[in-house]
Amino acid sequence: MRLGRVVGSLWSSVKTEQLEGVRLLLIQPIDEAGANAGRTLIAADAIGAGAGDTIYWCRGKEASFAMLPAAVGADAAVVGIVDSITLASAG
Amino acid sequence: MRLGRVVGSLWSSVKTEQLEGVRLLLIQPIDEAGANAGRTLIAADAIGAGAGDTIYWCRGKEASFAMLPAAVGADAAVVGIVDSITLASAG
Amino acid sequence: MRLGRVVGSLWSSVKTEQLEGVRLLLIQPIDEAGANAGRTLIAADAIGAGAGDTIYWCRGKEASFAMLPAAVGADAAVVGIVDSITLASAG
Amino acid sequence: MRLGRVVGSLWSSVKTEQLEGVRLLLIQPIDEAGANAGRTLIAADAIGAGAGDTIYWCRGKEASFAMLPAAVGADAAVVGIVDSITLASAG
Amino acid sequence: MRLGRVVGSLWSSVKTEQLEGVRLLLIQPIDEAGANAGRTLIAADAIGAGAGDTIYWCRGKEASFAMLPAAVGADAAVVGIVDSITLASAG
Chain X
1 MRLGRVVGSL
11 WSSVKTEQLE
21 GVRLLLIQPI
31 DEAGANAGRT
41 LIAADAIGAG
51 AGDTIYWCRG
61 KEASFAMLPA
71 AVGADAAVVG
81 IVDSITLASA
91 G
Chain V
101 MRLGRVVGSL
111 WSSVKTEQLE
121 GVRLLLIQPI
131 DEAGANAGRT
141 LIAADAIGAG
151 AGDTIYWCRG
161 KEASFAMLPA
171 AVGADAAVVG
181 IVDSITLASA
191 G
Chain A
201 MRLGRVVGSL
211 WSSVKTEQLE
221 GVRLLLIQPI
231 DEAGANAGRT
241 LIAADAIGAG
251 AGDTIYWCRG
261 KEASFAMLPA
271 AVGADAAVVG
281 IVDSITLASA
291 G
Chain R
301 MRLGRVVGSL
311 WSSVKTEQLE
321 GVRLLLIQPI
331 DEAGANAGRT
341 LIAADAIGAG
351 AGDTIYWCRG
361 KEASFAMLPA
371 AVGADAAVVG
381 IVDSITLASA
391 G
Chain C
401 MRLGRVVGSL
411 WSSVKTEQLE
421 GVRLLLIQPI
431 DEAGANAGRT
441 LIAADAIGAG
451 AGDTIYWCRG
461 KEASFAMLPA
471 AVGADAAVVG
481 IVDSITLASA
491 G
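Protein chains in written order, with the numbering used here: chain X, 1 to 91; chain V, 101 to 191; chain A, 201 to 291; chain R, 301 to 391; chain C, 401 to 491.
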């Protein structure tokens with residue numbers, strides 16, 4: 001998974017049947033210090049994330065799997081909201 | 101998924117059986133401001149997208165899944181047309 | 201899928217059983233103008249492509265799927281030869 | 301798989317059901333000399349890795365598979381701790 | 401698949417059950433001229449490759465599949481040794 005921030009949402013009327021009723025979020029990948037880290041992407045919302053939330057998202061078949069029982073045909077999903085990150089004194 | 105723009109289509113007579121009847125589009129990945137963001141790719145059209153449309157596309161097995169009931173052996177598919185993107189005041 | 205050009209072939213006697221009888225091609229990814237776009241890769245030939253052909257190739261499980269009925273344990277396959285690309289006047 | 305170092309852990313109360321009880325680690329990818337090599341990521345802990353450990357992690361469906369019998373809906377998992385790396389005199 | 405060179409091996413006592421008995425190799429991706437092309441990775445050995453061998457490796461579920469009958473929970477596997485590469489006079 002990667003860290004990200006919810007920076008928007010996407011509206012779409014023409015889409016595959018599998019995406020009906022799925023909330024699509026615009027995600028800005030970030031690093032653990034909160035800095036932008038890569039290009040924005042569109043992810044299905046599996047947990048009810050809101051604008052500005054620091055989240056982590058998942059790619060691939062596992063993203064679709066996160067939306068069970070409905071398989072959604074999405075390749076990215078927001079699977080959790082970050083409460084905190086504990087940094088180790090690196091070994 | 102990623103945002104993109106339909107910038108062309110691909111014609112091909114020699115191809116795998118699974119791709120028979122599948123419309124193949126040339127997609128330019130873009131960011132939420134509409135600027136180009138990465139290399140063009142070829143995606144199967146799952147929704148009837150047209151030239152110039154702002155779309156979002158999906159990768160991997162989920163792309164193939166988007167073309168059900170016919171499994172197509174494609175690793176990318178256009179799964180929706182973008183109506184609008186709402187940007188949050190980032191948190 | 202991505203566009204590419206067949207730039208060579210690979211010979212190999214020691215390989216997994218699943219790759220027995222599979223033709224392996226060296227592919228140079230290209231963009232729609234024919235310019236090189238990224239590193240060469242090895243792809244299974246699913247269609248009988250020849251040296252110099254402009255092709256498109258597929259990644260992941262879908263690549264293996266393209267070789268049915270034999271599942272080949274390959275992560276990339278040439279799935280079609282390009283006849284022509286029609287560029288839209290971008291929207 | 302890639303080499304990495306455990307540099308932290310992530311706490312999260314809102315997440316998919318599949319991630320309940322799964323320990324999430326912040327991983328810094330490294331090369332064989334121990335230098336940072338790419339962006340940090342969040343991986344499920346399949347083996348009980350601790351802060352500062354040099355580990356290797358796995359992506360994709362195989363990452364989820366590493367957590368059996370519970371399928372976790374994660375796209376990355378720490379699957380082993382490195383004891384040592386033997387470098388060959390490259391051919 | 402991608403070309404690579406076996407540059408080392410990895411020893412690990414703490415790992416997932418699925419990786420028990422699996423030989424793990426350190427691979428340096430190379431191009432067809434033998435030059436380094438990207439970061440090293442850890443791949444399961446499906447064919448008995450040795451130090452210095454020029455090999456090709458496979459990613460994703462297909463890598464795991466290459467290790468049948470034992471599914472290994474690895475996301476990369478060495479699937480063949482390169483005898484020779486024939487370069488075409490590019491079209």
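In this text, a Cβ means the ideal position worked out from N, Cα and C, and glycines have one as well. Nothing here was measured: the structure is a model prediction, and the numbers come from that model.
Short CB-CB distance (under 7 Å) between residue i and chain X
| i | result |
| --- | --- |
| V/S164 | no |
| V/R175 | Residue 175 of chain V is actually Asp in this sequence, not Arg. Answer no: the Cβ-Cβ gap between V/D175 and chain X never drops below 7 Å. |
| R/L303 | no |
Short CB-CB distance (under 7 Å) between residue i and chain C
| i | result |
| --- | --- |
| R/T386 | yes |
| R/V382 | yes |
Coil, strand or helix - residue i by DSSP
| i | result |
| --- | --- |
| X/T54 | strand |
| C/A444 | strand |
| X/A88 | coil |
| R/S312 | coil |
| V/A177 | strand |
| V/A137 | coil |
Residue range of the alpha helix (DSSP H) that includes residue i
| i | result |
| --- | --- |
| R/A349 | Looking at the DSSP string, R/A349 is not in any alpha helix (DSSP H), and its letter there is neither H nor E. |
| X/A63 | K61 to F65 |
Short CB-CB distance (under 7 Å) between residue i and chain R
| i | result |
| --- | --- |
| X/D45 | no |
| C/L441 | yes |
| X/E32 | yes |
Through-space distance from residue j to residue i, alpha-carbon basis
| i | j | result |
| --- | --- | --- |
| R/S309 | X/A33 | 14 Å |
| V/V106 | V/S112 | 18 Å |
| V/A151 | A/P229 | 24 Å |
| V/N136 | V/R102 | 12 Å |
| A/V279 | X/A77 | 29 Å |
| A/I255 | X/L87 | 47 Å |
| V/V114 | C/C458 | 26 Å |
| C/G491 | A/D253 | Caution is warranted here: a pLDDT of 45 is assigned to C/G491, below 50, making its placement in the model unreliable, and the coordinate value is therefore given only provisionally. Cα to Cα, the separation comes out at about 7 Å. |
| V/G104 | R/I385 | 42 Å |
| V/D175 | R/E317 | 28 Å |
| A/G260 | V/G160 | 7 Å |
| R/A363 | V/L119 | 30 Å |
| V/G173 | V/T140 | 19 Å |
| R/A349 | V/V182 | 43 Å |
| X/G38 | C/A466 | 32 Å |
| V/D131 | C/D431 | 31 Å |
| A/I227 | C/I427 | 20 Å |
Minimum Cβ-Cβ distance from residue i to chain A less than 7 Å
| i | result |
| --- | --- |
| V/G108 | yes |
| C/V479 | yes |
| V/Q151 | Note that residue 151 of chain V is Ala in the sequence shown, not Gln. Interface residue, yes. |
| C/W411 | no |
CB contact below 7 Å: residue i versus chain V
| i | result |
| --- | --- |
| A/A237 | yes |
| A/G291 | Summary for A/G291: the model assigns pLDDT 45, below 50, so the residue's position carries little reliability; its value from the coordinates is reported in the next sentence. So yes, A/G291 belongs to the interface. |
| X/W57 | no |
| X/V14 | yes |
Short CB-CB distance (under 7 Å) between residue i and chain B
| i | result |
| --- | --- |
| A/K261 | Here chain B cannot be found, since the structure's protein chains are X, V, A, R and C. |
Range covered by the beta strand (DSSP E) that runs through residue i
| i | result |
| --- | --- |
| V/Q128 | L124 to P129 |
Task: Validate contact between the region 38-47 of chain X and the region 22-30 of chain X using beta carbons, cut 8 Å, 3 pairs - done: yes
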